[in-house]
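In order, the protein sequences belong to chains D and W.
Per full-length UniProt numbering, residue 1 is the first one in the first sequence, and the count goes up by one each step.
Per full-length UniProt numbering, residue 1 is the first one in the second sequence, and the count goes up by one each step.
2 protein chains.
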Amino acid sequence: MDTRDRLIESARELLWERGYVGTSPKAIQAHSGVGQGSMYHHFTGKPDLALAAINRSAEELRERAEVAFATPGTPFERITAYFRREREVLKGCPIGRLTQDPDVMADPELRKPVQETFTWLTGRLADLLAEALEDTVDAHATAPALVAVLQGGYVLARAAGSADVHTRAVDGALGLLAGYVAKEGN
Amino acid sequence: MDTRDRLIESARELLWERGYVGTSPKAIQAHSGVGQGSMYHHFTGKPDLALAAINRSAEELRERAEVAFATPGTPFERITAYFRREREVLKGCPIGRLTQDPDVMADPELRKPVQETFTWLTGRLADLLAEALEDTVDAHATAPALVAVLQGGYVLARAAGSADVHTRAVDGALGLLAGYVAKEGN
DNA sequence: GTCTATAGTGTGATAGAC
DNA sequence: GTCTATCACACTATAGAC
Chain D
1 MDTRDRLIES
11 ARELLWERGY
21 VGTSPKAIQA
31 HSGVGQGSMY
41 HHFTGKPDLA
51 LAAINRSAEE
61 LRERAEVAFA
71 TPGTPFERIT
81 AYFRREREVL
91 KGCPIGRLTQ
101 DPDVMADPEL
111 RKPVQETFTW
121 LTGRLADLLA
131 EALEDTVDAH
141 ATAPALVAVL
151 QGGYVLARAA
161 GSADVHTRAV
171 DGALGLLAGY
181 VAKEGN
Chain W
1 MDTRDRLIES
11 ARELLWERGY
21 VGTSPKAIQA
31 HSGVGQGSMY
41 HHFTGKPDLA
51 LAAINRSAEE
61 LRERAEVAFA
71 TPGTPFERIT
81 AYFRREREVL
91 KGCPIGRLTQ
101 DPDVMADPEL
111 RKPVQETFTW
121 LTGRLADLLA
131 EALEDTVDAH
141 ATAPALVAVL
151 QGGYVLARAA
161 GSADVHTRAV
171 DGALGLLAGY
181 VAKEGN
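The following block contains the structure:
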């Protein structure tokens, strides 16, 4: 891993743990072992490095989601696979947490990957739900509800200090969904 | 409103907008019009003032929830009233957002009101759900799922820059719930 | 109770040597 | 590419006068 990469990975880690406002260039340097001058050689400043880090995290989220969605089975089984996938619940969502960062939301460049990630994920899920539910219920409203369960589950888990609530929330959501799943042909 | 109160109200506002890490004592002083010395007379420091602000916000959240829950009607109607209640969606949840603040979660005193608020809300909702659903589905898992929809809805709305997604997520969740509501005796 | 002064540390970046 | 030096400003307080 070269210097540039180490900076991005450290930024990703710290952004995840402490957010944009809570992460200083100095902290990134200390975490990565890269010096001041070196960092400013590779990136114009904190926002530039953060953008690279956010983009990489967004890409990773998408890839991991696609892996779960590619599980063999019915659409409902593929949705379930995604929701039950392993997660670092207590650390929260590396993209979702940025939503609470005033400086990220205020900067269109930093905000864009966050916005696009959720638009993509919600759309992807809506398609699967449309297949799974076959008009028993509105996929266009159900998709954001499900994504919200995941994101809100992180909030509850962090508040409680335990991953259990996230699991329960997912169980609850899938439990509700189950009753609407088209019984045949999937 | 006296000086102490003005400080608490300003801290509440800024904590809501910028979080704990992103809010400086100086900013609170500027926002409230209270001087440096005055602030440190009334509070021992930033954590002390933040605690007062968080406690007040937590109390307010509870009171507002109880107002909605007290709506006349069936348990499902009371739950619906709570979920459809007016919200400053794009500002997010003043308590839920603290969950992403590393310094809040690291301080047991600051964290406690956050934890208790969600424990209370989830429990309250579980009781109403148990009445509304009458064992058609597990209220113990459904309650955190619903709270998560609310919290996650804020995340989606902020990411999208529009309150619509929050509304859709709530619609989706209530739509799923509707099919399980006990049809008589409520 | 409120004010001003002061202080030590951190932030985010620039400059220029190597 | 990487290093050290330096900078102007912000952060979070403390001290002591009024």
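Think of the CB as a built atom: it goes at the ideal place given N, C-alpha and C, for glycine as much as any other residue.
As the structure is a computational prediction, the values presented were derived from the model and not from experiment.
Buried versus exposed, by CB contacts within 10 Å (16 or more), residue i
i: residue 188 of chain W; result: Since the first and last residues shown for chain W are 1 and 186, residue 188 of chain W lies out of range.
i: D:R158; result: buried
i: D:V67; result: exposed
i: W:G161; result: exposed
i: W:S57; result: buried
i: W:G185; result: The predicted model places W:G185 with a pLDDT of 47, which falls under 50 and marks its position as unreliable; any figure quoted below should be read in that light. With fewer than 16 other Cβ atoms within 10 Å, it is exposed.
i: W:G172; result: buried
i: W:M105; result: buried
i: W:R78; result: buried
i: D:T117; result: buried
i: D:T44; result: exposed
i: D:A70; result: exposed
i: D:R18; result: buried
i: W:V137; result: buried
Proximity to residue i [Cα-Cα], best of the options
i: D:R97; options: D:A27, D:R168, D:V155; result: D:V155
i: D:A53; options: D:A148, D:D164, D:E13; result: D:E13
i: W:T80; options: W:P108, W:Q151, W:L128, W:T99; result: W:L128
i: D:V170; options: W:A163, W:G161, W:A139; result: W:A139
i: D:L125; options: D:Y82, D:V104, D:D164, D:E9; result: D:Y82
i: D:E60; options: D:P94, D:A182, D:T122; result: D:P94
i: D:R87; options: D:M105, D:H31, D:R64; result: D:R64
i: D:T122; options: W:V89, W:E116, W:R168; result: W:R168
i: W:A130; options: W:Q115, W:T99, W:A182; result: W:A182
i: W:R4; options: W:I28, W:Y20, W:G19, W:R18; result: W:I28
i: D:H166; options: D:G92, D:D135, D:Y180, D:V137; result: D:G92
i: W:Y180; options: W:P47, W:F76, W:D2; result: W:F76
8 Å contact criterion, which residue i and residue j should meet: CB distance rounded
i: W:G33; j: D:P102; result: Not a contact, Cβ separation roughly 22 Å.
i: D:L150; j: W:G152; result: 6 Å
i: W:W16; j: W:R62; result: Wrong, their Cβ atoms sit about 16 Å apart, outside the cutoff.
i: D:A148; j: D:L90; result: Wrong, their Cβ atoms sit about 19 Å apart, outside the cutoff.
i: W:S10; j: W:H31; result: 4 Å
i: D:Q115; j: W:Q100; result: Incorrect: roughly 18 Å between the Cβ atoms, too far for contact.
i: D:L49; j: D:L7; result: 6 Å
Contact list for residue i against chain D, beta-carbon separation under 8 Å
i: W:T142; result: G172, G175, L176
i: W:Y180; result: L176, G179
i: W:G45; result: Here the premise fails: no neighbours, minimum Cβ distance about 18 Å.
Interface residues of chain W facing residue i [CB-CB closer than 9 Å]
i: D:G161; result: M105, R111, Q115
i: D:L156; result: G96, T99, F118, T122, P144, V147, A148, Q151
i: D:E88; result: Those do not exist, as D:E88 stays about 14 Å from chain W at its closest Cβ, beyond 9 Å.
Any non-hydrogen atom of the ligand MG within 6 Å of residue i CB
i: D:V165; result: Summarising the ligand content, the structure contains no ligands, and the ligand MG is consequently not present.
Chain W contact residues for residue i, given Cβ-Cβ distances below 8 Å
i: D:A169; result: A141, P144, A145, V147, A148
i: D:D138; result: D171, G172, G175
i: D:R97; result: Q100
Contacts that residue i makes with chain D (C-beta to C-beta distance below 7 Å)
i: W:V34; result: None at all; the shortest Cβ gap to chain D is about 22 Å.
i: W:E17; result: P102
i: W:V165; result: P144
Within chain D, partners of residue i - CB distance below 9 Å
i: W:V21; result: R18, G19, V21, G22
Within chain W, partners of residue i - CB distance below 7 Å
i: D:G92; result: Q100
Indicate whether the contact test is met: 3 or more Cβ pairs, each with one atom in the segment 28-43 of chain W and one in the segment 173-180 of chain D, closer than 8 Å. no
Would you call the segment 110-120 of chain W in contact with the segment 134-146 of chain D, where contact means no fewer than 3 C-beta pairs closer than 8 Å? no
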